[in-house]
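Take 24 as the starting number for the sequence shown in our numbering and just add one per residue.
Using N, Cα and C, we set each Cβ at its ideal position, and we do this for glycine too.
Have a look at the structure below before the remarks.
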Amino acid sequence: MSPTTLPAGPEHGHVTFLGAGPGDPGLLTLRAVEALAHADVLVAEHEVLDVVRTHARPGVAVVHAEAGPYSGPLPGTGTPHPTVVDGTSTAAGSPAVRDAAHLVMEAARGGRRVVRAVSGDPGLDTYAAEEMLACVAAGVPFEVVPGIAAAVGVPAYAGVPLRDAQGADVRFIDARTASDRCWTEVGVSDGTVVVSTSLDSVAAAAGELVAAGRKPDTPMTVTVAGTTTRQRTWSATLGTIAQTLKQAKVLPSPEGGRPVIAVVGERSAPAQRDQLAWFESKPLFGWKVLVPRTKEQAASLSDQLRSYGAVPHEVPTIAVEPPRTPQQMERAVKGLVTGRYEWIAFTSVNAVKAVREKFEEYGLDARAFAGIKVAAVGEQTAKALIAFGVKPDLVPSGEQSAAGLLEDWPPYDPVFDPIDRVFLPRADIATETLVAGLIELGWEVDDVTAYRTVRASPPPAETREAIKGGGFDAVLFTSSSTVRNLVGIAGKPHNVTIIACIGPATAKTAEEHGLRVDVMAPEPSVHKLAEALAEFGLRRRAAAREAGDPVSRPSERRPGARRRRAT
Numbered sequence: 024m025s026p027t028t029l030p031a032g033p034e035h036g037h038v039t040f041l042g043a044g045p046g047d048p049g050l051l052t053l054r055a056v057e058a059l060a061h062a063d064v065l066v067a068e069h070e071v072l073d074v075v076r077t078h079a080r081p082g083v084a085v086v087h088a089e090a091g092p093y094s095g096p097l098p099g100t101g102t103p104h105p106t107v108v109d110g111t112s113t114a115a116g117s118p119a120v121r122d123a124a125h126l127v128m129e130a131a132r133g134g135r136r137v138v139r140a141v142s143g144d145p146g147l148d149t150y151a152a153e154e155m156l157a158c159v160a161a162g163v164p165f166e167v168v169p170g171i172a173a174a175v176g177v178p179a180y181a182g183v184p185l186r187d188a189q190g191a192d193v194r195f196i197d198a199r200t201a202s203d204r205c206w207t208e209v210g211v212s213d214g215t216v217v218v219s220t221s222l223d224s225v226a227a228a229a230g231e232l233v234a235a236g237r238k239p240d241t242p243m244t245v246t247v248a249g250t251t252t253r254q255r256t257w258s259a260t261l262g263t264i265a266q267t268l269k270q271a272k273v274l275p276s277p278e279g280g281r282p283v284i285a286v287v288g289e290r291s292a293p294a295q296r297d298q299l300a301w302f303e304s305k306p307l308f309g310w311k312v313l314v315p316r317t318k319e320q321a322a323s324l325s326d327q328l329r330s331y332g333a334v335p336h337e338v339p340t341i342a343v344e345p346p347r348t349p350q351q352m353e354r355a356v357k358g359l360v361t362g363r364y365e366w367i368a369f370t371s372v373n374a375v376k377a378v379r380e381k382f383e384e385y386g387l388d389a390r391a392f393a394g395i396k397v398a399a400v401g402e403q404t405a406k407a408l409i410a411f412g413v414k415p416d417l418v419p420s421g422e423q424s425a426a427g428l429l430e431d432w433p434p435y436d437p438v439f440d441p442i443d444r445v446f447l448p449r450a451d452i453a454t455e456t457l458v459a460g461l462i463e464l465g466w467e468v469d470d471v472t473a474y475r476t477v478r479a480s481p482p483p484a485e486t487r488e489a490i491k492g493g494g495f496d497a498v499l500f501t502s503s504s505t506v507r508n509l510v511g512i513a514g515k516p517h518n519v520t521i522i523a524c525i526g527p528a529t530a531k532t533a534e535e536h537g538l539r540v541d542v543m544a545p546e547p548s549v550h551k552l553a554e555a556l557a558e559f560g561l562r563r564r565a566a567a568r569e570a571g572d573p574v575s576r577p578s579e580r581r582p583g584a585r586r587r588r589a590t
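Written out as structure tokens, the structure is:
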């Protein structure tokens, strides 16, 4: 077997040519996600790997022609060696293109389901048609899953409509391969022109349109990294775009060859874009936000931050471990089954997880809670219980904390409560507030250490340098321990970084560590904390516009600039 030949297998396979869209992972179609979930082999362009890989099943082989000859078996024949094929970064007919088609064909002939992912839409990809013809020649069945083309998706994210009620003509042109005839045709048209080009060739493309007959004062927008949180759009005219980019210091640039989408025509007028630029106007657009929590807890918070346009960066500061002596927890769980308790109170998601794991160890499930009243300290803990199959009987109606739980907790009544005991599984460092309050209400409490919280390992050096050097725009502190642990394992955040705290106690700890608190949640909830940061971002954006200043992220501020406390 030659180095580039894949292992043989059953004769018939299948290839799905899949459009991965212009960059935003949320733009993948449902059919694309389904195809990725069933793929045995993923052949993907380098720039779309992050978009498609998360939807592929575990163990999928990812093949890359540029990484060298394929050196390992595919799934089902041994341990795969992940690589990637990028057939669009070279000229047609080159060895890399032939390798891409060859690897796709060989994988398919082996009876495997192959997904060939390309940026944008397969119908507009330079080499996808060549690979489809190779499938036809080899008798390999294939299908096409369309994707959102960059020429359509990027203007939509930039707030630049391509047509209006008058139904103006829309022309698409790729400046990198366009002939003189193409430029002449779009030049004489008075409709909208969508130009696919590169950042260092924008001015040349504008010149071609002017030479072909377009007026120099025709509005033009240029968008780089469209549909991603790195997106940036400039508004100018055909005659001024070169000067606009020069003033913005984007040309010349080491990354000048980055692909861009330019829209030329009245639809891209700056005044209209200011009203329709919904994506870049998100409150935390492009903000790099540090989320120092346990990885399990960070997921939902990160999703919320993304909805505000932020780029969350999760850094675990707390690791959760079992108690050093498990006997107390084991006795308490057995007591749940034997009817020892009237109530069980969960003060965290981790407490739910600890009890659930102990249940699974004993072969128990949610039915063991029958006849026992269940309390949750807040919404997130309640959601974890519901996922376990348990609907809590008590969730604080006010403040989501131990104090809020005590406000709603009923006093022990020997007439209505046959049992006077409460099981409280909690962390080893939890406060005594809830225990003391329950005793005062007449309850007996089995205060049990269900898990231990320990300081996590330091993050990578690159992350530590970004924290101390002002590389993050904001950091969310969700407890005093996250403050202490982050400073302990990574150092103190730079003074340009916006500090957001979940409540007064956390804010006090932050200030004790020399941090100035800019944002505080109106109530102790991680989601309210994210909302508060988003509102801060909106006020900051509005203040910059009112002052006539460009909207910038906190990390882009001048070193040593004074910071304001949020009001």
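### Message
So, does the region 462–478 touch the region 385–395, judging by three or more C-beta pairs under 8 Å?
### Response
These segments do not touch.
### Query
With a cut-off of 8 Å, does the C-beta of residue 129 fall near any C-beta of chain C?
Judged by its chain identifiers, the structure shown contains no chain C, having just a single protein chain.
### Task
Would you decide whether residue 414 is buried or exposed? Buried here means 16 or more other CB atoms lie within 10 Å of its CB.
By 1-based counting over the sequence shown, the position of residue 414 is 391. Exposed.
#### Entry: Length at least 4, wholly inside the region 336–382: the alpha helix (DSSP H) runs in chain order
Correct list: 350–361.
### Task
For residue 521, write down the residues that DSSP places opposite it in a beta bridge.
Translated into the one-based positions of the sequence shown, residue 521 becomes position 498. In the DSSP assignment, the residues bridged to residue 521 are 497.
### Exposure of residue 61, with buried meaning 16 or more beta-carbon neighbours within 10 Å
Walking along the sequence shown from the start, residue 61 turns up at place 38. Its Cβ having fewer than 16 others within 10 Å, residue 61 is exposed.
### Task
Indicate the three-state DSSP secondary structure (helix, strand or coil) for residue 455 in the structure shown.
The residue you call residue 455 lines up with position 432 of the sequence shown. Taken through DSSP and simplified to helix, strand or coil, residue 455 comes out as coil.
### Task
Output yes or no for whether 8 Å exceeds the beta carbon distance between residue 368 and residue 447.
Numbered from 1 along the sequence shown, position 345 holds the residue referred to as residue 368. Numbered from 1 along the sequence shown, position 424 holds the residue referred to as residue 447. It is a contact, given that the beta carbons lie within the stated cut-off.
### Query
Does any heavy atom of the ligand HEM sit closer than 7 Å to the C-beta of residue 338?
Annotation note on the ligand HEM: not contained in the displayed structure, which lists no ligands.
### Message
Using a Cβ distance threshold of 8 Å, determine whether the region 325–343 contacts the region 304–316, with at least three qualifying pairs required.
### Response
Contact between the region 325–343 and the region 304–316 is present: three or more C-beta pairs spanning the two stretches fall below 8 Å.
### Message
Whole angstroms are fine: how far does the CA of residue 442 sit from the CA of residue 364?
### Response
Here residue 364 refers to the residue found at position 341 when the sequence shown is read from its first residue. Here residue 442 refers to the residue found at position 419 when the sequence shown is read from its first residue. Cα to Cα, residue 364 sits roughly 6 Å from residue 442.
### Task
Report the rounded CA-to-CA distance for residue 37 versus residue 166, giving the unit in angstroms.
Along the sequence shown, read from residue 1 onward, the residue named residue 37 stands at position 14. Along the sequence shown, read from residue 1 onward, the residue named residue 166 stands at position 143. Between residue 37 and residue 166, the C-alpha separation is close to 8 Å.
### Message
Three or more C-beta pairs under 8 Å: does that hold for the region 159–176 against the region 40–53?
### Response
Counting Cβ pairs under 8 Å, three or more are found: they touch.
#### Entry: Nonlocal neighbours in the same chain, by C-beta distance under 6 Å from residue 521, ignoring five residues either side
Counted from its first residue, the sequence shown places residue 521 at position 498. The beta carbon of residue 521 lies closer than 6 Å to those of 497, 541, 577 in the same chain, with the five residues before and after it left out.
### Query
In the structure shown, what three-state DSSP assignment does residue 467 receive?
Locating residue 467 in the sequence shown gives position 444, where the first residue counts as 1. The answer is strand: DSSP assigns residue 467 an E or B state.
### Query
Beta-carbon separation of residue 356 and residue 336 under 8 Å?
Walking along the sequence shown from the start, residue 356 turns up at place 333. Walking along the sequence shown from the start, residue 336 turns up at place 313. With respect to the 8 Å criterion, residue 356 and residue 336 are not classified as neighbours on the basis of their beta carbons.
### Task
Give the range of the alpha helix (DSSP H) segment to which residue 436 is assigned.
Working through the sequence shown from its first residue, we reach residue 436 at position 413. Annotation: residue 436 is outside any alpha helix (DSSP H) and is labelled neither H nor E by DSSP.
### Beta-bridge partners of residue 37, as assigned by DSSP
The residue given as residue 37 occupies position 14 in the sequence shown. For residue 37, the pairing in a beta bridge is given by DSSP as 136.
### Task
In the DSSP assignment, find the unbroken alpha helix (DSSP H) run with residue 527 in it and report its ends.
For this step, residue 527 is matched to residue 504 along the sequence shown. Looking at the DSSP string, the run of the alpha helix (DSSP H) that includes residue 527 is 527–535.
### Length of the line joining the Cα atoms of residue 155 and residue 200
Numbered from its first residue, the sequence shown carries residue 155 at position 132. Numbered from its first residue, the sequence shown carries residue 200 at position 177. Each residue's alpha carbon lies about 21 Å from the other.
### Proximal residues to residue 266 (C-beta, below 8 Å), its chain only, five neighbours per side dropped
If you number the sequence shown from 1, residue 266 lands on position 243. Closer than 8 Å at Cβ, skipping near neighbours: 259.
### Query
Do the region 490–510 and the region 366–383 make contact, defined as three or more Cβ pairs closer than 8 Å?
Counting Cβ pairs under 8 Å, fewer than three are found: no touch.
### Query
With a CB to CB cut of under 7 Å and the five nearest residues on each side skipped, what residues in its chain are close to residue 462?
In the sequence shown, counting from the first residue as 1, residue 462 sits at position 439. Excluding sequence neighbours, residue 462 sits near 468.
### Message
Does the structure place the region 230–242 close enough to the region 127–140 that three or more beta carbon pairs sit under 8 Å?
### Response
Note that the region 127–140 does not touch the region 230–242; fewer than 3 beta-carbon pairs, one per stretch, sit closer than 8 Å.
### Query
Taking the C-alpha atoms as reference points, what is the distance between residue 59 and residue 421?
Here residue 59 refers to the residue found at position 36 when the sequence shown is read from its first residue. Here residue 421 refers to the residue found at position 398 when the sequence shown is read from its first residue. So the two alpha carbons sit approximately 44 Å from each other.
### Query
How about residue 138 and residue 41: do their beta carbons lie closer than 8 Å?
Against the sequence shown, residue 138 aligns to sequence position 115. Against the sequence shown, residue 41 aligns to sequence position 18. The answer is yes: Cβ separation under 8 Å.
### Task
Give me the Cα-Cα distance between residue 46 and residue 217, rounded to the nearest whole angstrom.
If you number the sequence shown from 1, residue 46 lands on position 23. If you number the sequence shown from 1, residue 217 lands on position 194. Answer to the nearest angstrom: the Cα atoms are 18 Å apart.
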